[in-house]
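Below: the structure, in structure tokens.
Number of protein chains: 6
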Amino acid sequence: MEMLKAILGEKLKAFLEEDVGLGDVTTNLIVPPEVKIRAQMMVKESAVIAGLSEMKVLFNDVVGVRFRCLVNDGDEVSPNTVIAEVEGDGRAILMTERTALNLLSRMCGIATATRILVKKIEDAGLNVHVAATRKTAPGLRYFDKKAVIIGGGDPHRFRLDDQILIKDNHVAIIGGVGEALRRVHSSASFSKKIEVEVKTLNEAIEAAKSGADVIMLDNMGVDEIGEIINALRRLNLREKVLIEVSGRINEENILEYARLGPDIISVGEITHSVKSVDVSLEVIEVVK
Amino acid sequence: MEMLKAILGEKLKAFLEEDVGLGDVTTNLIVPPEVKIRAQMMVKESAVIAGLSEMKVLFNDVVGVRFRCLVNDGDEVSPNTVIAEVEGDGRAILMTERTALNLLSRMCGIATATRILVKKIEDAGLNVHVAATRKTAPGLRYFDKKAVIIGGGDPHRFRLDDQILIKDNHVAIIGGVGEALRRVHSSASFSKKIEVEVKTLNEAIEAAKSGADVIMLDNMGVDEIGEIINALRRLNLREKVLIEVSGRINEENILEYARLGPDIISVGEITHSVKSVDVSLEVIEVVK
Amino acid sequence: MEMLKAILGEKLKAFLEEDVGLGDVTTNLIVPPEVKIRAQMMVKESAVIAGLSEMKVLFNDVVGVRFRCLVNDGDEVSPNTVIAEVEGDGRAILMTERTALNLLSRMCGIATATRILVKKIEDAGLNVHVAATRKTAPGLRYFDKKAVIIGGGDPHRFRLDDQILIKDNHVAIIGGVGEALRRVHSSASFSKKIEVEVKTLNEAIEAAKSGADVIMLDNMGVDEIGEIINALRRLNLREKVLIEVSGRINEENILEYARLGPDIISVGEITHSVKSVDVSLEVIEVVK
Amino acid sequence: MEMLKAILGEKLKAFLEEDVGLGDVTTNLIVPPEVKIRAQMMVKESAVIAGLSEMKVLFNDVVGVRFRCLVNDGDEVSPNTVIAEVEGDGRAILMTERTALNLLSRMCGIATATRILVKKIEDAGLNVHVAATRKTAPGLRYFDKKAVIIGGGDPHRFRLDDQILIKDNHVAIIGGVGEALRRVHSSASFSKKIEVEVKTLNEAIEAAKSGADVIMLDNMGVDEIGEIINALRRLNLREKVLIEVSGRINEENILEYARLGPDIISVGEITHSVKSVDVSLEVIEVVK
Amino acid sequence: MEMLKAILGEKLKAFLEEDVGLGDVTTNLIVPPEVKIRAQMMVKESAVIAGLSEMKVLFNDVVGVRFRCLVNDGDEVSPNTVIAEVEGDGRAILMTERTALNLLSRMCGIATATRILVKKIEDAGLNVHVAATRKTAPGLRYFDKKAVIIGGGDPHRFRLDDQILIKDNHVAIIGGVGEALRRVHSSASFSKKIEVEVKTLNEAIEAAKSGADVIMLDNMGVDEIGEIINALRRLNLREKVLIEVSGRINEENILEYARLGPDIISVGEITHSVKSVDVSLEVIEVVK
Amino acid sequence: MEMLKAILGEKLKAFLEEDVGLGDVTTNLIVPPEVKIRAQMMVKESAVIAGLSEMKVLFNDVVGVRFRCLVNDGDEVSPNTVIAEVEGDGRAILMTERTALNLLSRMCGIATATRILVKKIEDAGLNVHVAATRKTAPGLRYFDKKAVIIGGGDPHRFRLDDQILIKDNHVAIIGGVGEALRRVHSSASFSKKIEVEVKTLNEAIEAAKSGADVIMLDNMGVDEIGEIINALRRLNLREKVLIEVSGRINEENILEYARLGPDIISVGEITHSVKSVDVSLEVIEVVK
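If you're matching them up, the sequences are chains S, G, P, Y, F and E in order. To convert, note that position 274 of the first sequence is 274 in the numbering used here; the numbers rise steadily by one, no gaps. To convert, note that position 157 of the second sequence is 157 in the numbering used here; the numbers rise steadily by one, no gaps. To convert, note that position 212 of the third sequence is 212 in the numbering used here; the numbers rise steadily by one, no gaps. To convert, note that position 271 of the fourth sequence is 271 in the numbering used here; the numbers rise steadily by one, no gaps. To convert, note that position 137 of the fifth sequence is 137 in the numbering used here; the numbers rise steadily by one, no gaps. To convert, note that position 54 of the sixth sequence is 54 in the numbering used here; the numbers rise steadily by one, no gaps.
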């Protein structure tokens, strides 16, 4: 996922403005305007790197200094790896430091958490996709979803308008999965996939027969999910739908779910409870 | 910290727009426009609540439905507590659900993590402030800092323009803490506090003597910090400055630092590595 | 498709501001501030109405006067039908008049053109969807797509991020439909439908076999399209994919294409070459 | 009319963002980031070209690829003319394609329709200006008006603040053309022209005598307009005012009106019912 | 000039946000959220009031407290006049105080300065309009121009697009007033007035004969202006054009210029060098 | 204070757009697009220059022409000094002229007025800081504060969130300076200075003893202030606080206040009643 620089730049400018306010009063008092510096971005812990292409746009295009990547987005690095260098106007680099690191360390955190889950499944020889949810930080949907992709995950839908997903609250209002599916099938755009959250085997069967593209099994126990998947197989309905499993799945229990053979396991935690990766920016040279 | 509703509303509208896009295609197909619903927000785990006043502005002022709090920001709740009810246009409530929960669960997460640290210190009978840093999610500075305050913490500076904080990179460029302090003292606005990160006892002494308001001891070991604080006491300089301790401090080790007698312990983790609190919104009644 | 009022209001405010500038110099000189008026919106020609819910938000929520619909979005009206009344502050209504009519008459124009095509197909007893394209006026995507839906059409994808659609330029760059499909299938999100533009029967077969959800036959003659559809039927591939036909299809020739039995016919003209419906706003009473 | 690039660029960025959303999911999956392409913009039908200077800003300044015009804005081209080439980053060009063409084809459509009317009048040896109205698509005022100018038309007023135009609704509220003119003459800025819509010869005479700059004859029959113009001539008032004729005038009937000798004929249709010109962008070379 | 509240409110919100930042840290610490207050706006010196309708929108519509005017925009008040009362949420009123007063005191300052000039001319029995220029504070064009109107002045053109004004730099580039006028007359929109700055009597004559609507005599001495006006009278050209005189005209010397009989005297000082009127907001009651 | 160019550029673009509207209709008619010009900015009166770094960003980065400073921000110049040259696209320079001069002449005016006060105090051999207030023009806080700094003044707080300042209205609501200070001391962030406006000696003593950082003596007579400062000295409290004096202090009376020995004298007038410095931009060469 590579955004047009001009659009990405607007978002990054807004982030900068939030942190800078009327100016970096410390830097402006201490660092003379003509000072040029060279600095390094170092990752302090094992991590999957994500956010470097955002850093390029931030430093090169928005701030106007030189940013050079030493690794690529998606690379796994060991602790204390220098991942990039930035060189240019000293004041500008210091004013940008915190905004840059806040974004980068969050994106690395998401990519790293995603990769751990993806690898677990791969290492177990299973073929299940790890997907994100819409549980992203407000205003950061693009960055959170992109980091998931870099980590090897599926971004899932981007917002309320790009896929049809019938959830418990829809069913609660309209009275039944069947009625919800009927309304959707009669009027939905052909361009959207239709997913429906089901609570029982009967609902799962109804969904699969009606032509839903994806069935979501949310907040169910491992046994319950297993039974539904097996029943769908017996009824020759398994191949007609994708099955997404969701709800409090994490590093500890993901393999239990993955072994049941769903197509997708979606995990809110990778974006709603991000553990930032520790990255620092250190001045290594004052360039006269 | 209570923001003017009109200003807060603008930010919340932008968050909504990010999640809604051109519209909630599912809800629009399933829920007729005249349906009114009543729904509850339930917190699934122990938590300190933060974000309710934002929810009021979001639901009442921006979206135009009725939102009623059952607890207050700052309250500690046990698992499965209903904290609020929302009632009104069904489509509007469902379109707002995810944006609302994403913000609320993050703010609760920050307030809860902050409170845990604050309590630990209080329970040990110590008098040290827990402070946030500028390590907040881009675009969410206001919300992250507010949640820290609700949790009982000190928000620390809001951005680069509201306090002078001389950090390692400033010193690296200018060649010494002394020179940095000199430049700052000669030109800084009287309205700003001056804080300086020091690496040695000598720098600490220099800072205290020069009239710095706050000394930051960043990424130092417990012993080193203890020695500096004790030396400042012996030299009758301790009372002249506030001392802030920072750097990889967390729930496990915070008391070790607190017992050394600093004024402030700042913790990046409470905002850069937020564990969201699990909150759900469930429709409990379709109101004809 | 019903947008949250608060979000829609922002767009409408921007439209108003474009037309008002620093103020309605004429109205401010002539109409005293205390004058209240009642005015009617009249449609001068046969039309399908679209845009009334936007007018409600514009007049009621943004401008703060009373707007009352006399018909509904989607209704077909005969010439000289009064479709709504607006009552309140005279200056405000006159300042809003042109912006309101410009949006409404465009949306009615799109809905009317769409309905004509949809009816043609229905009247011929065929079951083919009429879809829009992304050929909408810049900045008006939401309004143009919504008007298509009101007219009975399928909005098709909203933008570049909500469906995968491999077009001729993609194929030109990568060297073949097959290679393009391979790349997409290996990495696309499960949440997106995959559509591919094909130029030959072989490409169509390849697409259908590879698991594409939709095949687009763009700018082909009626005969060519017929042959491809028939061939897919013979090969039992017809049911595996949706077929979209596109390219200079209009009121005159749409039935020729519809009779070939595609699933969707997409028509750029309904949004890129809109014939506005003639709507006026006339003051009918000065309310003291 | 040549806008500052920086201001124009902001508008174009907003258009791009509307179409791109979180990213071009298709292009990002298929086209590797290092691919450079060369593409051509071809006009498929006879047209007056308008929008090339916007394309330059869009491609060169906003998107950062090379755009080279082969014709100029205002040129008349025959079908299948290559009007421009664009070369650079493949992903960026494909992400921009639709936004670019949507704007360009609309502007060409407006310029072409305007030119047809202008030529008709010129070919008849008449000296009457063809003018636009404020019936432009919301958000596109600048582009629509500019295309009219390129087509040879007069843009008329830009918005409600740059000319005084007393219309039927003003008169309806205040009770008479005379009273409206009195209010305007007593307080209007000297910097604005004053135009007034009149319904009768007497009103026309009153307007001309009072010092109005322009009289508008709106939605009147050819005979009625002829009588008024002749009467004004007889009374030696013709030279004191400009006369604008308006109301359902189109290619078919414009000469009838033009022959009556007004100064301006304004035509809503050229902007409110735009027939887009068919323009395509085709990749012609993959540049390694 | 009365702007739509919704548009005005957006500008006022941006002003508020500039002053409030992340919140009024003082007020939030001291004033409990439930406190309601009543406060008065008092003007400390003689002034013409302007900005009350902006205050209404700010307090009533944006901030949501009750604002009641005791005088009207345009009224002249003596020192220590209470001009308005505001009542409601205490925090909200204090957060708004400075933004409100900054705008109001500037607008009053402009209106007062304008009125003084206007009165001077009226008291001398002369009939010359006092006009503003485009020398307004960046971002405040609307407010500055409106205050001029309230003071009794003519706002002159709003920006570069609403009148044609050929100035010295245009002439310097193109080589002569005559050539500039020729280009303008051949292509300008009929909807715009044409004004031209002239340096000599010959240029003035050329301008008047060519059909310019307004002649500007900028930075000339009183004698020179007198000669040109008299010469135009002798040549029967005086009635064909409006004459605007400009350049370092102020309270002291305005009558000298006015007695020469121009139509307009424009004065940059009333907006570029505003002396704010002293207005305070004082809490007079804490309403439980 | 040096803002990131990218952030500053956004503000300047908005200023430009306000003045340009849909385009510079005069320049576009007269100046051909290929014309390049060279122009000079000349200051007509004695002044302290401020705003040149904003001009650099405006002309170089936003507008894309060459801007070269001949003096520096902060320099004092004599009348008729050429301070900068600009060279490039003729249309672009003329479209930018007024916006540029409006900002520059205001900033020079503020810097000049500030410098006069600062020099007065220096020349009297006193050591008191001249500070600004929040009485800046709405939307221009950054520019007004920066001009104060260039003039040699202290910017004081930037907005409501960067310092705690207890004012008369806070005290009026809460009932006393003591109670206000208590609330603030118990909960304020360590990162903010605490200032309190006092009305009596007793309040001053209370404030100094409680640990306030700054005491403000607002709108008091010279004698009263003298007594309070002397009393604080006698009580050995003078060194514990900074003393700010404020309220209708100007060039005439500032030394009377300065001789009393406060730390800061704040003056609203330097930003709320700006006398713009006369600066012009003149085309000196048409570069083919």
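Heads up, the beta-carbon is just placed ideally off N, CA and C, and yes, glycines get one too.
- Look at S:Ala137 here: in three-state DSSP terms it is coil, with no helix or strand label.
- With its beta carbon less than 8 Å from one in chain Y, E:Asn28 belongs to the interface.
- One alpha carbon belongs to Y:Asp162, the other to F:Asp161, and they sit about 8 Å apart.
- Non-local beta-carbon contacts of S:Asp24 in its own chain, meaning distances under 8 Å to residues more than five positions away in sequence, involve Arg91, Leu94 and Met95 in chain order.
- DSSP places F:Ile49 outside both helix and strand once states are collapsed to three, so it counts as coil.
- Take S:Leu16, set aside five residues on each side of it, and the residues of its chain with a beta-carbon closer than 6 Å to its own are Thr99, in chain order.
- For the region 130-146 of chain G, the beta-carbon criterion of a distance under 8 Å to any beta-carbon of chain E is satisfied by Ala131.
- Look at F:Ile37: its C-beta is not under 8 Å from any C-beta on chain P.
- For E:Val43, the enclosing beta strand (DSSP E) begins and ends at Lys36 to Val43.
- With a cutoff of 8 Å on beta-carbon distance, P:Ala84 and P:Phe67 are scored as near each other.
- The beta carbon of P:Val267 sits closer than 6 Å to those of Ile249, all from its chain and outside the five residues before and after it, given in chain order.
- When secondary structure is reduced to three states using DSSP, E:Ser210 falls in the helix class.
- Within a 10 Å sphere around the beta-carbon of S:Val222 sit fewer than 16 other beta-carbons, which makes this residue exposed.
- With a beta-carbon spacing of about 6 Å, Y:His129 and Y:Asp263 fall inside the 8 Å limit used to define contacts.
- Positions of the beta strand (DSSP E) runs, each at least 3 residues long and wholly inside the region 168-214 of chain S, are given as 194-198 in order along the chain.
- Interface with chain S (8 Å Cβ-Cβ cutoff): Y:Arg91 is included.
- Under the DSSP assignment, Y:Val25 falls in the alpha helix (DSSP H) whose first and last residues are Val25 to Ile30.
- In this structure, DSSP gives E:Ala124 a state outside helix and strand, which the three-state scheme calls coil.
- When S:Leu201, S:Ala207 and S:Lys167 are compared, the shortest CA-CA separation from S:His185 is found for S:Ala207.
- Interface with chain P (8 Å Cβ-Cβ cutoff): F:Met216 is excluded.
- Counting along the chain, S:Leu16 sits inside no beta strand (DSSP E); it lies in the alpha helix (DSSP H) bounded by residues Lys5 to Val20.
- Bridge pairing for Y:Ala84: Y:Met41 and Y:Cys69 [DSSP].
- Annotation: G:Ala258 is outside any beta strand (DSSP E); the continuous alpha helix (DSSP H) that includes it extends over Ile254 to Ala258.
- In this structure, the beta-carbon distance from Y:Ala14 to P:Gly139 falls below 8 Å.
- In its chain, beyond the 5 residues on either side, Gly268, Thr271 and His272 have a beta carbon closer than 7 Å to the beta carbon of F:Lys135.
- Annotation for P:Leu126: Ala258 place their beta carbon closer than 6 Å to its own, counting only its chain and skipping 5 residues before and after.
- Its Cα nearest to that of G:Leu201, the residue G:Gly226 stands out among G:Leu165, G:Gly226 and G:Ser53.
- Annotated three-state conformation of P:Leu103 is helix, per DSSP.
- DSSP places P:His272 in the uninterrupted alpha helix (DSSP H) bounded by Glu269 to His272.
- Only residues of its own chain outside the window of five on either side were considered, and among them Val130 and Ile254 have a CB closer than 6 Å to the CB of E:Leu117, listed in chain order.
- Contact of G:Pro33 with chain P is assigned, a C-beta pair being separated by under 8 Å.
- From the beta-carbon of F:Leu12, no residue of chain P is found nearer than 9 Å; the closest lies around 13 Å away.
- Setting aside the 5 residues that flank it on each side, Y:Val286 is surrounded in the same chain by Ile37, each with a C-beta closer than 6 Å to its C-beta; the list follows chain order.
- Counting only runs that start and end inside the region 215-265 of chain P, the alpha helix (DSSP H) elements of at least 4 residues fall at 222-234 and 254-258.
- For F:Lys275, the CB contacts under 6 Å within the same chain, skipping 5 residues up- and downstream, are Gly109 in chain order.
- Within the same chain, Leu201 and Ala204 come within 6 Å of G:Ile228 by CB-CB distance, once the 5 residues on both sides are set aside.
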